[in-house]
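Report on the following structure.
Number of protein chains: 2
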Amino acid sequence: MERIEHRACFAGWQDVYRHESKTLGCTMRFAVFLPPRAQGKKLPVLYWLSGLTSTEQNFINKAGAQRYAAQHGVIVVAPDTSPRGDDVTDDPGYDLGKGAGFYVNATQQPWAAHYQMYDYIVSELPALIEANFPASGARSISGHSMGGHGALVVALRNPDRYRSVSAFSPIVAPSLVPWGEKVFGAYLGPDRETWQQYDATALVRSTTEKLPLLIEQGEADEFLETQLRPHLLRDACEAAGHPLTLNLRPGYDHSYYFIASFIGGHLAFHAAALNS
Amino acid sequence: MERIEHRACFAGWQDVYRHESKTLGCTMRFAVFLPPRAQGKKLPVLYWLSGLTSTEQNFINKAGAQRYAAQHGVIVVAPDTSPRGDDVTDDPGYDLGKGAGFYVNATQQPWAAHYQMYDYIVSELPALIEANFPASGARSISGHSMGGHGALVVALRNPDRYRSVSAFSPIVAPSLVPWGEKVFGAYLGPDRETWQQYDATALVRSTTEKLPLLIEQGEADEFLETQLRPHLLRDACEAAGHPLTLNLRPGYDHSYYFIASFIGGHLAFHAAALNS
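Respectively, the protein sequence lines represent chains A and D. Going by the UniProt record's numbering, the first residue of the first sequence is number 1, and it counts up by one from there. Going by the UniProt record's numbering, the first residue of the second sequence is number 1, and it counts up by one from there.
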């Protein structure tokens with residue numbers, strides 16, 4: 001593991017690391033914000049999963065989360081969105097291959113060789129963080145769009161490993177929308193039954209432990225009706241008796257201006273769960 | 001004038017416009033943040049001048065200023081850093097030509113045809129803003145690096161037009177450092193006397209009106225000793241009896257992580273002057 005960026009930020013440090021991932025079989029980068037309180041004290045960690053075409057840079061450059069993470073004493077870890085490198089399979093589309101790992105374990109070739117993002121996020125990355133940083137072991141998870149889908153799936157399948165989950169503009173039912181149908185078909189094959197383990201709306205029906213769940217959605221989001229469809233998750237949560245706070249925000253779109261406007265509330269939400 | 005971006009942000013709007021600049025003889029873009037209070041009320045304006053290689057996008061994407069501008073009820077205008085377009089002279093270096101207008105009126109060819117950024121910032125842009133937005137006419141100005149230099153020069157030469165001036169990591173004495181010597185030689189010619197009108201350290205010695213002046217400087221800034229040299233302005237302010245608050249911040253570098261960490265204090269500083 002090698003530190004490749006180290007920048008003072010809100011009295012803490014915004015760092016970026018490079019490491020060899022065994023799960024993914026390639027060199028990966030992740031960003032870590034260490035709040036000022038990290039000196040000498042173990043702190044909870046919020047994982048942030050980014051959306052299509054992103055790297056570890058987008059969130060740390062644009063969301064303005066460091067201010068709130070410093071205030072609440074939360075470490076924030078932002079991984080990349082897919083395996084990387086010259087020997088990793090890619091696709092010309094922005095919504096498949098590099099930058100579009102979709103946080104699943106691919107079972108189909110040529111993808112299965114490297115595209116194991118689910119295991120990377122659930123197991124390898126937290127183990128690495130907790131071995132090398134002042135992390136207490138308390139975890140929460142959030143993300144945007146494809147990363148909102150990832151956060152929901154990871155938390156709903158592992159409620160014992162996370163204290164809370166939130167998402168901005170998530171793809172809540174990937175099995176039913178074009179982005180998900182394309183990538184699940186490629187990564188998981190044509191059997192739609194296998195897709196359900198990565199579909200938050202399907203998962204919420206069967207989960208027994210019920211984590212605090214917060215969703216932020218802009219009503220002027222250009223992908224709202226075609227790809228995101230938050231009402232499908234709302235209906236499933238109501239049917240399953242799963243708690244959900246769904247904030248619909250008039251006028252806001254799919255961009256980081258939306259995330260920046262409400263990330264403070266999400267940090268407060270996670271800090272309350274992490275520090276309880 | 002045409003609006004080309006319009007995004008909800010902190011209950012206001014982060015917009016980008018395109019217009020034909022008579023001063024620069026080309027199509028220019030600028031960003032405008034309109035805080036929520038802008039509806040039906042005239043508000044003061046903070047102008048932000050960006051640094052080398054930037055466009056109107058960098059500050060609005062990375063600084064997180066919208067939160068504070070919304071809170072204080074200040075419109076924030078961020079122009080581009082040079083004339084643009086295929087018929088505008090450029091240079092292969094990142095520190096001359098496009099993205100490096102240095103906020104001067106060039107007198108030397110081939111630059112003089114378009115590189116009139118000083119007049120654009122002082123006259124054309126404020127007139128455009130005050131004719132088309134709910135701007136009260138009260139102005140302040142700030143900027144980063146090359147834009148910090150620009151803010152200081154524009155305010156020191158026009159103290160009647162601005163209420164306050166601040167800068168992050170400014171080039172305070174361009175006549176004496178490599179960046180300034182290169183571009184002033186190109187834009188203004190070899191007579192160093194003509195450079196003094198664009199050198200904040202020279203200007204502060206002769207200004208009579210004394211604006212509130214705040215400078216933020218990271219002590220781990222990679223350009224601190226070679227290009228920025230804030231002690232030259234501090235010494236000139238002391239000799240001239242000009243007020244100056246110079247905040248030296250240990251550990252911080254030249255990046256937007258530094259700006260984001262302290263932009264809230266600068267918005268508060270300008271809001272106090274603008275609303276007094």
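Ideal Cβ positions, reconstructed from N, Cα and C, are used throughout, including at glycine.
Residues near D/L49 in its chain [Cβ-Cβ closer than 6 Å; skip 5 each side]: Position 49 of the second sequence, counted from the start, is the residue given in the question as residue 49 of chain D. Correct list, in chain order: G143, G147, G150, A151.
Around the Cβ of A/G137, are there at least 16 other Cβ atoms within 10 angstroms (buried) or fewer (exposed)? Numbered from its first residue, the first sequence carries residue 137 of chain A at position 137. Under this definition A/G137 is an exposed residue.
Output the boundary residues of the alpha helix (DSSP H) element that contains D/E231. Here residue 231 of chain D refers to the residue found at position 231 when the second sequence is read from its first residue. The amino acid at residue 231 of chain D is misidentified as Glu; the sequence shows His. That run of the alpha helix (DSSP H) goes 230–240.
Could you work out which residue in D/R67, D/G189, D/S206, D/L244 is closest to D/P110 when comparing CA atoms only? As a working note, residue 110 of chain D is residue 110 in the second sequence. Of the candidates D/R67, D/G189, D/S206, D/L244, D/G189 places its Cα closest to the Cα of D/P110.
Ranges of the alpha helix (DSSP H) found wholly within the stretch 69–136 of chain D, counting only runs of at least 4: 125–132
Which term fits A/R84, buried or exposed, when burial requires 16 or more other beta carbons within 10 angstroms of its beta carbon? If you number the first sequence from 1, residue 84 of chain A lands on position 84. The residue is buried, with at least 16 neighbouring Cβ atoms inside 10 Å.
Give the secondary structure of A/V165 by DSSP, where H, G and I count as helix, E and B as strand, and everything else as coil. Numbered from 1 along the first sequence, position 165 holds the residue referred to as residue 165 of chain A. Residue state, collapsed to three classes: strand.
Say whether chain D places a C-beta atom closer than 8 Å to the C-beta of A/F59. In the first sequence, counting from the first residue as 1, residue 59 of chain A sits at position 59. With 8 Å as the cut-off, A/F59 does not count as an interface residue toward chain D.
Excluding five sequence neighbours on each side, which residues of the same chain lie with their C-beta closer than 7 Å to the C-beta of D/Y162? Along the second sequence, read from residue 1 onward, the residue named residue 162 of chain D stands at position 162. Only R139, S140, I141, A155, L211 meet the Cβ criterion.
How is D/R205 classed by DSSP in three states: helix, strand or coil? Position 205 of the second sequence, counted from the first residue, corresponds to residue 205 of chain D. Three-state DSSP puts D/R205 in coil, outside helix and strand.
Taking only the alpha-carbon atoms, compute the straight-line gap between A/G73 and A/R37 and give it to the nearest angstrom. Here residue 73 of chain A refers to the residue found at position 73 when the first sequence is read from its first residue. Here residue 37 of chain A refers to the residue found at position 37 when the first sequence is read from its first residue. In a straight line, the C-alpha of A/G73 is about 6 Å away from that of A/R37.
Name the residues in the stretch 229–260 of chain D whose C-beta lies less than 9 Å from a C-beta of chain A; which are they? Result list: R249, P250, G251, Y252, D253, S255, Y256, Y257, F258, A260.
Nearest to A/I121 by CA position, among A/P92, A/Y94, A/R157, is which residue? Translated into positions along the first sequence, residue 121 of chain A becomes position 121. When each option's Cα is compared against that of A/I121, the closest is A/R157.
Can you tell me whether DSSP reads D/S261 as helix, strand or coil? For the purposes of this step, residue 261 of chain D is identified with residue 261 of the second sequence, where counting begins at 1. Residue state, collapsed to three classes: helix.
Which runs of the beta strand (DSSP E) spanning at least 3 residues fall entirely within the stretch 7–44 of chain A, listed in chain order? Taking only runs of at least 3 residues, the beta strand (DSSP E) segments lying wholly in the stretch 7–44 of chain A are 12–21, 26–34.
On a CA-only basis, which of D/F223, D/R3, D/A260, D/L274 is nearest D/V172? Give me that one, please. Taking the second sequence and counting its residues from 1, the one referred to as residue 172 of chain D is at position 172. Selected option, being the one with the closest Cα: D/F223.
D/K22: buried (16+ other C-beta within 10 angstroms of its C-beta) or exposed? Looking up residue 22 of chain D in the second sequence gives position 22. Exposed is the call here.
With a Cβ-Cβ cutoff of 8 Å, do A/P159 and A/E216 count as a contact? Taking the first sequence and counting its residues from 1, one reaches residue 159 of chain A at position 159. Taking the first sequence and counting its residues from 1, one reaches residue 216 of chain A at position 216. No, these two residues do not count as a Cβ contact at 8 Å.
Once DSSP output is grouped into helix, strand and coil, what is the label at A/Y187? Along the first sequence, one-based indexing puts residue 187 of chain A at 187. Here A/Y187 sits in helix by DSSP.
Return the bridge partner residues of D/H149 from the DSSP annotation. As a first step, residue 149 of chain D must be located in the second sequence, where it is residue number 149. BP columns for D/H149 are empty, so no partner.
Under the three-state reduction of DSSP, which class applies to A/E181: helix, strand or coil? Counted from its first residue, the first sequence places residue 181 of chain A at position 181. Under the three-state reduction of DSSP, A/E181 is assigned to helix.
Considering only their Cβ atoms, is the gap separating A/A65 from A/G12 smaller than 8 Å? Position 12 of the first sequence, counted from the start, is the residue given in the question as residue 12 of chain A. Position 65 of the first sequence, counted from the start, is the residue given in the question as residue 65 of chain A. No, these two residues do not count as a Cβ contact at 8 Å.
For A/R29, would you say it is in contact with chain D, using Cβ-to-Cβ distances shorter than 8 Å as the test? Counted from its first residue, the first sequence places residue 29 of chain A at position 29. By this cut-off, A/R29 is not an interface position.
Span of the alpha helix (DSSP H) around D/Q196: Here residue 196 of chain D refers to the residue found at position 196 when the second sequence is read from its first residue. Note, D/Q196: premise wrong, no alpha helix (DSSP H); not H, not E.
For D/A10 and chain A, any beta-carbon pair shorter than 8 Å? Start at 1 with the first residue of the second sequence, and residue 10 of chain D comes out as number 10. At residue 10 of chain D the sequence reads Phe, which differs from the Ala that was named. Chain A contact via Cβ: present.
According to DSSP, simplified to helix, strand and coil, what is A/L246? Taking the first residue of the first sequence as position 1, residue 246 of chain A is located at position 246. In this structure, A/L246 counts as strand in the three-state DSSP scheme.
Is the distance from the Cβ of D/L248 to the Cβ of D/V183 below 8 Å? Within the second sequence, numbered from 1, the residue matching residue 248 of chain D stands at position 248. Within the second sequence, numbered from 1, the residue matching residue 183 of chain D stands at position 183. No, the pair does not count as a contact, with Cβ atoms beyond the cut-off.
D/Q14: contacting residues in chain A (beta-carbon distance under 7 Å): One-based indexing of the second sequence puts residue 14 of chain D at position 14. Chain A residues near D/Q14: Y257.
Can you list, in chain order, the residues of the stretch 73–95 of chain A whose Cβ is nearer than 8 Å to any Cβ on chain D? Taking 8 Å as the cut-off between beta carbons, none of the residues of the stretch 73–95 of chain A comes near chain D.
Does residue 280 of chain D come out as helix, strand or coil in the three-state DSSP assignment? With chain D represented from 1 up to 276, any question about residue 280 of chain D goes unanswered, as that position is not in the structure.
From what residue to what residue does the beta strand (DSSP E) around A/Q217 run? Start at 1 with the first residue of the first sequence, and residue 217 of chain A comes out as number 217. Here the beta strand (DSSP E) through A/Q217 covers 213–218.
So for D/L52, helix, strand or coil by DSSP? As a first step, residue 52 of chain D is located in the second sequence; it is residue number 52 there, counting from the start. D/L52 falls in the coil class under three-state DSSP.
Out of curiosity, what's the CA-to-CA distance linking D/C26 and D/I4? Looking up residue 26 of chain D in the second sequence gives position 26. Looking up residue 4 of chain D in the second sequence gives position 4. Rounded to whole angstroms, D/C26 to D/I4 spans 17 Å at the Cα level.
Pull up the DSSP beta-bridge partners for A/R67, would you. For the purposes of this step, residue 67 of chain A is taken as the residue at position 67 of the first sequence. Answer is none; A/R67 lacks a bridge partner.
How would you call D/Q164, buried or exposed, if buried means at least 16 neighbouring beta carbons within 10 angstroms? Taking the first residue of the second sequence as 1, we reach residue 164 of chain D at position 164. Note that residue 164 of chain D corresponds to Ser in the displayed sequence, not to Gln. When all chains shown are included, D/S164 counts as buried.
Give me the Cβ distance between A/L52 and A/S145, rounded to the nearest whole Å; I'm assuming they're in contact under 8 Å. By one-based count along the first sequence, residue 52 of chain A stands at place 52. By one-based count along the first sequence, residue 145 of chain A stands at place 145. So it is a contact: roughly 6 Å between Cβ atoms.
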